[in-house]
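Visitor: Each protein sequence line maps, in turn, to chains A, B, C and D.
Per the numbering used here, the first sequence starts with residue 72, numbered consecutively.
Per the numbering used here, the second sequence starts with residue 72, numbered consecutively.
Per the numbering used here, the third sequence starts with residue 72, numbered consecutively.
Per the numbering used here, the fourth sequence starts with residue 72, numbered consecutively.
Using N, Cα and C, we set each Cβ at its ideal position, and we do this for glycine too.
Take a look at this one; I'll ask things after.
Protein chains: 4
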Amino acid sequence: MSYNLLKGKKGIIFGALDNKSIAWKVAERAHEEGAIFTLTNTPSALRFGEIDQLAEKCNAVVIPADATNVEDLENLVKKSMEILGGKVDFILHSIGMSLNVRKKRVYNDLKYEYFAKTLDISALSFHKLLQTCYKLNAISEWGSVVALSYIAAQRVLYGYNDMADAKALLESIARSFGYIYGRERKIRVNTISQSPTRTTAGSGVKGVDGLMDFTERTSPLGNATAEECANFTIAMFSDLTKKVTMQNIYHDGGFSGMGMSLRAMKQYNKGLNTDKLPEIE
Amino acid sequence: MSYNLLKGKKGIIFGALDNKSIAWKVAERAHEEGAIFTLTNTPSALRFGEIDQLAEKCNAVVIPADATNVEDLENLVKKSMEILGGKVDFILHSIGMSLNVRKKRVYNDLKYEYFAKTLDISALSFHKLLQTCYKLNAISEWGSVVALSYIAAQRVLYGYNDMADAKALLESIARSFGYIYGRERKIRVNTISQSPTRTTAGSGVKGVDGLMDFTERTSPLGNATAEECANFTIAMFSDLTKKVTMQNIYHDGGFSGMGMSLRAMKQYNKGLNTDKLPEIE
Amino acid sequence: MSYNLLKGKKGIIFGALDNKSIAWKVAERAHEEGAIFTLTNTPSALRFGEIDQLAEKCNAVVIPADATNVEDLENLVKKSMEILGGKVDFILHSIGMSLNVRKKRVYNDLKYEYFAKTLDISALSFHKLLQTCYKLNAISEWGSVVALSYIAAQRVLYGYNDMADAKALLESIARSFGYIYGRERKIRVNTISQSPTRTTAGSGVKGVDGLMDFTERTSPLGNATAEECANFTIAMFSDLTKKVTMQNIYHDGGFSGMGMSLRAMKQYNKGLNTDKLPEIE
Amino acid sequence: MSYNLLKGKKGIIFGALDNKSIAWKVAERAHEEGAIFTLTNTPSALRFGEIDQLAEKCNAVVIPADATNVEDLENLVKKSMEILGGKVDFILHSIGMSLNVRKKRVYNDLKYEYFAKTLDISALSFHKLLQTCYKLNAISEWGSVVALSYIAAQRVLYGYNDMADAKALLESIARSFGYIYGRERKIRVNTISQSPTRTTAGSGVKGVDGLMDFTERTSPLGNATAEECANFTIAMFSDLTKKVTMQNIYHDGGFSGMGMSLRAMKQYNKGLNTDKLPEIE
Numbered sequence: 072m073s074y075n076l077l078k079g080k081k082g083i084i085f086g087a088l089d090n091k092s093i094a095w096k097v098a099e100r101a102h103e104e105g106a107i108f109t110l111t112n113t114p115s116a117l118r119f120g121e122i123d124q125l126a127e128k129c130n131a132v133v134i135p136a137d138a139t140n141v142e143d144l145e146n147l148v149k150k151s152m153e154i155l156g157g158k159v160d161f162i163l164h165s166i167g168m169s170l171n172v173r174k175k176r177v178y179n180d181l182k183y184e185y186f187a188k189t190l191d192i193s194a195l196s197f198h199k200l201l202q203t204c205y206k207l208n209a210i211s212e213w214g215s216v217v218a219l220s221y222i223a224a225q226r227v228l229y230g231y232n233d234m235a236d237a238k239a240l241l242e243s244i245a246r247s248f249g250y251i252y253g254r255e256r257k258i259r260v261n262t263i264s265q266s267p268t269r270t271t272a273g274s275g276v277k278g279v280d281g282l283m284d285f286t287e288r289t290s291p292l293g294n295a296t297a298e299e300c301a302n303f304t305i306a307m308f309s310d311l312t313k314k315v316t317m318q319n320i321y322h323d324g325g326f327s328g329m330g331m332s333l334r335a336m337k338q339y340n341k342g343l344n345t346d347k348l349p350e351i352e
Numbered sequence: 072m073s074y075n076l077l078k079g080k081k082g083i084i085f086g087a088l089d090n091k092s093i094a095w096k097v098a099e100r101a102h103e104e105g106a107i108f109t110l111t112n113t114p115s116a117l118r119f120g121e122i123d124q125l126a127e128k129c130n131a132v133v134i135p136a137d138a139t140n141v142e143d144l145e146n147l148v149k150k151s152m153e154i155l156g157g158k159v160d161f162i163l164h165s166i167g168m169s170l171n172v173r174k175k176r177v178y179n180d181l182k183y184e185y186f187a188k189t190l191d192i193s194a195l196s197f198h199k200l201l202q203t204c205y206k207l208n209a210i211s212e213w214g215s216v217v218a219l220s221y222i223a224a225q226r227v228l229y230g231y232n233d234m235a236d237a238k239a240l241l242e243s244i245a246r247s248f249g250y251i252y253g254r255e256r257k258i259r260v261n262t263i264s265q266s267p268t269r270t271t272a273g274s275g276v277k278g279v280d281g282l283m284d285f286t287e288r289t290s291p292l293g294n295a296t297a298e299e300c301a302n303f304t305i306a307m308f309s310d311l312t313k314k315v316t317m318q319n320i321y322h323d324g325g326f327s328g329m330g331m332s333l334r335a336m337k338q339y340n341k342g343l344n345t346d347k348l349p350e351i352e
Numbered sequence: 072m073s074y075n076l077l078k079g080k081k082g083i084i085f086g087a088l089d090n091k092s093i094a095w096k097v098a099e100r101a102h103e104e105g106a107i108f109t110l111t112n113t114p115s116a117l118r119f120g121e122i123d124q125l126a127e128k129c130n131a132v133v134i135p136a137d138a139t140n141v142e143d144l145e146n147l148v149k150k151s152m153e154i155l156g157g158k159v160d161f162i163l164h165s166i167g168m169s170l171n172v173r174k175k176r177v178y179n180d181l182k183y184e185y186f187a188k189t190l191d192i193s194a195l196s197f198h199k200l201l202q203t204c205y206k207l208n209a210i211s212e213w214g215s216v217v218a219l220s221y222i223a224a225q226r227v228l229y230g231y232n233d234m235a236d237a238k239a240l241l242e243s244i245a246r247s248f249g250y251i252y253g254r255e256r257k258i259r260v261n262t263i264s265q266s267p268t269r270t271t272a273g274s275g276v277k278g279v280d281g282l283m284d285f286t287e288r289t290s291p292l293g294n295a296t297a298e299e300c301a302n303f304t305i306a307m308f309s310d311l312t313k314k315v316t317m318q319n320i321y322h323d324g325g326f327s328g329m330g331m332s333l334r335a336m337k338q339y340n341k342g343l344n345t346d347k348l349p350e351i352e
Numbered sequence: 072m073s074y075n076l077l078k079g080k081k082g083i084i085f086g087a088l089d090n091k092s093i094a095w096k097v098a099e100r101a102h103e104e105g106a107i108f109t110l111t112n113t114p115s116a117l118r119f120g121e122i123d124q125l126a127e128k129c130n131a132v133v134i135p136a137d138a139t140n141v142e143d144l145e146n147l148v149k150k151s152m153e154i155l156g157g158k159v160d161f162i163l164h165s166i167g168m169s170l171n172v173r174k175k176r177v178y179n180d181l182k183y184e185y186f187a188k189t190l191d192i193s194a195l196s197f198h199k200l201l202q203t204c205y206k207l208n209a210i211s212e213w214g215s216v217v218a219l220s221y222i223a224a225q226r227v228l229y230g231y232n233d234m235a236d237a238k239a240l241l242e243s244i245a246r247s248f249g250y251i252y253g254r255e256r257k258i259r260v261n262t263i264s265q266s267p268t269r270t271t272a273g274s275g276v277k278g279v280d281g282l283m284d285f286t287e288r289t290s291p292l293g294n295a296t297a298e299e300c301a302n303f304t305i306a307m308f309s310d311l312t313k314k315v316t317m318q319n320i321y322h323d324g325g326f327s328g329m330g331m332s333l334r335a336m337k338q339y340n341k342g343l344n345t346d347k348l349p350e351i352e
């Protein structure tokens with residue numbers, strides 16, 4: 072589908088690794104909707120990923136940047152403006168990583184060097200990006216900035232570890248900077264709280280299959296896919312959502328509005344080995 | 072602007088009175104985006120309003136209905152399906168009225184007959200509409216239902232009176248029925264929590280000017296207008312938001328994310344007649 | 072345990088039926104903490120329950136009242152003030168009933184006469200109580216009013232039906248009237264959102280066993296019992312919580328803060344018949 | 072007042088500087104309620120404050136500790152257990168500091184070295200404390216840990232700067248670790264979101280007078296004082312609140328439940344220099 076929703080708009084997209092990435096899907100959809108943009112990721116992600124395919128398809132330049140490094144961000148933003156021919160209209164931040172998770176340090180045995188790094192990569196990078204753009208006056212009036220988040224920022228999901236705290240910090244930064252950007256520049260900043268999504272980054276995590284089954288059965292519309300998230304992100308970048316700012320919007324098939332669904336309860340009750348099948352709706 | 076976002080989609084729009092109504096703007100935008108729909112309001116609103124102009128402009132049939140009356144709703148939904156040639160894809164519920172407010176009964180001196188009526192008109196009508204459509208199987212798969220709400224459902228604003236409670240009930244009904252509709256029919260139900268908007272219905276309320284000045288200065292992007300709300304509603308009706316359900320989304324220029332803004336504080340401090348001008352940002 | 076936390080305080084307690092009722096436990100604890108109070112319930116509940124035992128134990132007078140009837144409430148409040156020798160310091164509202172649930176009408180097939188009754192009994196009764204007390208000036212400065220609620224007001228739990236909407240309305244009324252009472256009388260109004268609790272009223276509901284197992288395993292501290300809820304209610308009545316108002320406080324062993332726990336996930340995975348045991352914490 | 076609510080309980084109290092500190096008031100009240108505890112603060116705060124007076128009054132030992140330093144925390148916790156004769160039952164974390172605020176770096180011109188320090192002092196210190204206690208098995212079953220927070224974690228208040236993000240992170244850590252502590256040790260972890268309070272630490276901030284006037288007039292019960300916060304904290308430490316965990320509870324006179332109050336609006340309208348006095352309630 073294509074509506075020309077982003078016709079003439081310019082952007083920067085962080086975080087596309089391979090064709091399972093949400094950022095990848097956002098890039099594809101943004102291209103279909105008429106936008107031009109640059110792509111960025113860390114040098115090592117660029118090496119291991121397949122971003123060149125995406126760049127070719129979308130006619131986009133790839134600019135390496137470590138999002139925790141202000142100089143890299145300055146370079147990225149300046150080059151993007153040069154390449155795109157002016158200020159950008161939209162930015163996607165899709166960045167998160169926890170060494171504590173990777174190294175299997177549980178939440179009551181965190182390594183603080185890793186914790187600081189989790190926060191820097193997954194949350195402070197968003198402030199650095201916004202501050203860099205602010206100083207370079209790099210975003211157009213009525214521009215739209217989106218960062219991807221997860222419901223672990225509000226509710227504990229075992230195993231999500233210090234990434235939960237990073238997402239809470241990320242959402243707070245979106246709110247805090249959204250105030251400044253709204254007041255001074257008429258630019259909006261929001262986070263999208265997406266269903267758990269099977270990406271290459273996340274697929275190695277043990278226990279994720281059970282969780283995704285649970286969220287699938289709990290969400291009345293099922294888990295939201297990466298493609299669907301891309302569509303919603305396009306709506307948030309478009310001129311249809313100009314007055315939505317400082318919000319964290321759940322794009323999750325309804326999971327966040329649920330306490331317990333009939334479908335998940337039936338599955339749970341099987342585990343109980345009882346014949347207590349729920350009768351009420 | 073037009074993107075053909077609703078091309079081929081059918082709908083029902085409640086609550087257009089005159090060209091200040093949000094529902095009026097939604098109808099205009101839905102028409103521009105390629106939708107066909109019926110319009111409805113109470114018989115008395117139809118008499119005093121200017122809905123025929125809108126109907127003509129949008130090529131829409133007007134069907135009178137008292138939204139608290141299930142038979143009226145059945146008639147409306149059946150006729151709409153006949154006229155539009157099948158199930159509908161979207162519905163807008165923009166209905167609210169409090170006799171306690173009109174008759175200046177303050178919240179600690181409510182008349183319970185009026186309170187029940189406030190709830191019936193402003194909230195239960197939404198359940199009646201959803202249940203009627205459910206029984207008539209009147210909404211297409213991946214259809215979208217939106218009701219307009221207000222932040223008084225979460226935070227007390229003096230003077231909003233029993234309408235605040237009605238909006239809380241409305242949002243709960245959206246959530247409760249959103250679960251059923253999502254699970255059984257793949258249809259989404261959401262509420263949009265809109266900035267205070269100067270409509271004909273609301274303009275008579277004393278004290279509203281001060282409040283709207285306050286929300287204007289508190290919201291980083293200013294109050295959202297009826298036109299902007301219509302644009303956001305279109306996005307919620309479109310296929311870009313298929314997995315958003317059971318949510319209450321603030322379309323308010325950022326007001327809901329604010330505790331106190333610099334602009335509002337400056338204004339407030341003038342009232343304090345002090346020279347305590349805030350220095351920090 | 073007894074701390075004399077309510078020494079010299081007077082109150083009214085709604086909703087004690089038998090010794091499984093939360094209100095029953097609150098009465099016992101309030102008595103232990105030095106309070107005097109009246110007990111009330113509907114005439115029919117008084118017939119079928121065992122409230123006389125409680126009244127004797129607590130040295131309390133029982134006054135029948137239908138909480139949806141303003142005259143009954145006036146009589147109750149006036150008599151309570153006579154018996155107790157002045158204004159009251161605390162009130163517990165523990166009232167809820169849905170004929171739709173009782174008659175097994177599912178949420179997409181509600182009878183509206185019942186729905187109105189659900190709201191009247193479970194939510195509007197709270198407004199009627201507060202308004203009656205307001206007009207009779209029946210609550211002392213720094214008094215405390217508590218109503219019992221449930222997380223279904225925020226998140227859908229299948230089967231809770233129109234009671235979810237009633238609880239959302241109840242919490243809104245607490246907030247709306249809390250503003251007036253705080254501003255004019257320095258009285259606080261809050262709701263306690265309690266774990267699902269096995270009471271006589273709730274025990275007949277099918278499917279409740281599975282749900283309570285799920286909430287038990289999801290809540291890090293397990294479900295909160297009626298006795299524990301009584302203790303928390305005493306704290307909310309005491310002078311230690313004078314500045315907490317217009318809040319809905321979760322007393323639920325942590326359930327509301329959870330997305331998914333390890334314990335519940337293990338149980339759920341058994342139902343999946345997989346060997347995907349979660350490895351991460 | 073004294074109820075012996077903490078009789079026989081042992082604790083650690085962070086953050087008492089002088090008699091305006093909330094932590095100071097908590098210490099006084101904990102002492103009155105029968106607890107024994109150690110006091111702690113950074114070496115420099117101990118030099119400039121008057122903590123020795125408090126220590127004498129409460130019969131408490133003062134142990135210096137930099138709460139960002141795990142070794143210091145280990146020493147503090149071990150010594151506290153030695154002095155108090157066993158595990159502790161309660162801990163108060165009242166720690167926050169932003170060099171960006173102190174050095175007047177606005178939010179769109181933060182120094183990242185300072186930002187990291189703000190997070191480390193105001194939020195990560197709480198994780199370090201909890202993890203240290205966890206490893207040392209230093210908290211008794213049904214113990215209670217409280218950290219002080221502020222509504223800036225949810226809503227932007229201009230000037231609160233990166234402290235807002237730190238409070239959001241702090242509340243997330245309370246939730247995340249509350250899950251582990253609840254599940255494994257039956258210990259609860261909560262945050263109290265307190266009204267703005269005139270302490271020595273906060274009193275130098277420009278613009279705070281206007282803000283406190285606004286919150287005073289907006290909160291139906293007025294701003295909560297440090298003494299009142301101490302009372303509420305005692306309730307949270309007591310056995311009356313055993314099943315409340317992973318919560319952020321507003322102790323703010325109702326501010327968090329308000330959108331706009333009549334009193335604040337009247338003041339605001341004076342600034343508007345209009346005669347639009349609100350007529351509705």
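Cβ atoms of residue 303 of chain D and residue 163 of chain C: under 8 Å apart, would you say?
Guide: By 1-based counting over the third sequence, the position of residue 163 of chain C is 92. By 1-based counting over the fourth sequence, the position of residue 303 of chain D is 232. Contact flag unset, no.
Visitor: DSSP puts residue 322 of chain A in a beta bridge; with which residues?
Guide: Along the first sequence, one-based indexing puts residue 322 of chain A at 251. According to DSSP, residue 322 of chain A bridges with A:265.
Visitor: Is there a C-beta anywhere in chain G that falls below 8 Å from the one on residue 226 of chain C?
Guide: Chain labels in this structure do not include chain G; the protein chains are A, B, C and D.
Visitor: If distances are taken between C-alpha atoms only, which option among A:314, A:334 and A:116 comes closest to residue 263 of chain B?
Guide: Within the second sequence, residue 263 of chain B is the residue found at index 192, counting from 1. Checking every option, the nearest Cα to that of residue 263 of chain B belongs to A:314.
Visitor: Just grab the DSSP bridge partners of residue 111 of chain D for me.
Guide: Taking the fourth sequence and counting its residues from 1, the one referred to as residue 111 of chain D is at position 40. Answer is D:85, bridged to residue 111 of chain D.
Visitor: So if I threshold CB-CB distances at 7 Å, which residues from the segment 74-92 of chain C count as touching chain A?
Guide: Within the segment 74-92 of chain C, no residue qualifies.
Visitor: Assuming residue 232 of chain C and residue 266 of chain C are in contact, meaning their beta carbons sit under 8 Å apart, how far apart are those beta carbons, in whole angstroms?
Guide: Counting from 1 along the third sequence, the entry for residue 232 of chain C is found at position 161. Counting from 1 along the third sequence, the entry for residue 266 of chain C is found at position 195. Residue 232 of chain C to residue 266 of chain C, Cβ: 19 Å. No contact.
Visitor: According to DSSP, simplified to helix, strand and coil, what is residue 193 of chain A?
Guide: Start at 1 with the first residue of the first sequence, and residue 193 of chain A comes out as number 122. Looking at residue 193 of chain A - three-state DSSP - the assignment turns out to be helix.
Visitor: Tell whether a beta-carbon distance below 8 Å holds between residue 166 of chain B and residue 147 of chain B.
Guide: Position 95 of the second sequence, counted from the first residue, corresponds to residue 166 of chain B. Position 76 of the second sequence, counted from the first residue, corresponds to residue 147 of chain B. Going by C-beta atoms, residue 166 of chain B is not nearer than 8 Å to residue 147 of chain B.
Visitor: Out of B:183, B:342, B:140 and B:242, which one is the CA nearest neighbour of residue 223 of chain B?
Guide: Against the second sequence, residue 223 of chain B aligns to sequence position 152. It is B:242 whose Cα lies nearest to the Cα of residue 223 of chain B.
Visitor: As an exercise, report each continuous alpha helix (DSSP H) stretch of at least 4 residues that is fully enclosed by the segment 97-177 of chain C, in chain order.
Guide: List check, alpha helix (DSSP H) in window: 114-119, 122-129, 141-155 and 170-173.
Visitor: Sorted by chain position, which residues of the same chain lie with C-beta nearer than 8 Å to residue 158 of chain C's C-beta, five sequence neighbours on each side aside?
Guide: Counting from one through the third sequence, the residue named residue 158 of chain C turns up at place 87. Answer for residue 158 of chain C: 81, 152, 208, 209, 210, 211 and 214, listed in chain order.
Visitor: Are there 16 or more other CB atoms within 10 angstroms of the CB of residue 284 of chain C, so buried, or fewer, so exposed?
Guide: Position 213 of the third sequence, counting from 1, holds the residue named residue 284 of chain C. Looking at its Cβ environment, which holds 16 or more other Cβ atoms inside 10 Å, residue 284 of chain C is buried.
Visitor: What's the C-alpha gap between residue 131 of chain A and residue 78 of chain A?
Guide: Numbered from 1 along the first sequence, position 60 holds the residue referred to as residue 131 of chain A. Numbered from 1 along the first sequence, position 7 holds the residue referred to as residue 78 of chain A. Roughly 15 Å between the two C-alpha positions.
Visitor: Going by DSSP, what residues sit across from residue 216 of chain A in a beta bridge?
Guide: On the first sequence, position 145 is the one that residue 216 of chain A refers to. Looking at the DSSP assignment, residue 216 of chain A forms a beta bridge with A:162 and A:260.
Visitor: Who does residue 210 of chain B pair with in a DSSP beta bridge?
Guide: Here residue 210 of chain B refers to the residue found at position 139 when the second sequence is read from its first residue. Looking at the DSSP assignment, residue 210 of chain B forms a beta bridge with B:159.
Visitor: Could you check if residue 123 of chain A is buried or exposed, using at least 16 other CB atoms within 10 Å of its CB as the buried criterion?
Guide: As a working note, residue 123 of chain A is residue 52 in the first sequence. Exposed is the call here.
Visitor: Would the beta-carbon of residue 200 of chain B fall within 8 Å of that of residue 116 of chain B?
Guide: Taking the second sequence and counting its residues from 1, one reaches residue 200 of chain B at position 129. Taking the second sequence and counting its residues from 1, one reaches residue 116 of chain B at position 45. In this structure, residue 116 of chain B does not lie closer than 8 Å to residue 200 of chain B by Cβ.
Visitor: Considering only residues of the segment 280-335 of chain C, which uninterrupted beta strand (DSSP E) runs meet the minimum length of 3 residues and lie entirely inside it, listed in chain order?
Guide: Segments of the beta strand (DSSP E) lying fully in the segment 280-335 of chain C: 319-322 and 329-331.
Visitor: What in chain D is Cβ-close to residue 236 of chain A, meaning under 7 Å?
Guide: Position 165 of the first sequence, counting from 1, holds the residue named residue 236 of chain A. The answer, in chain order, is 240, 243, 244 and 247.
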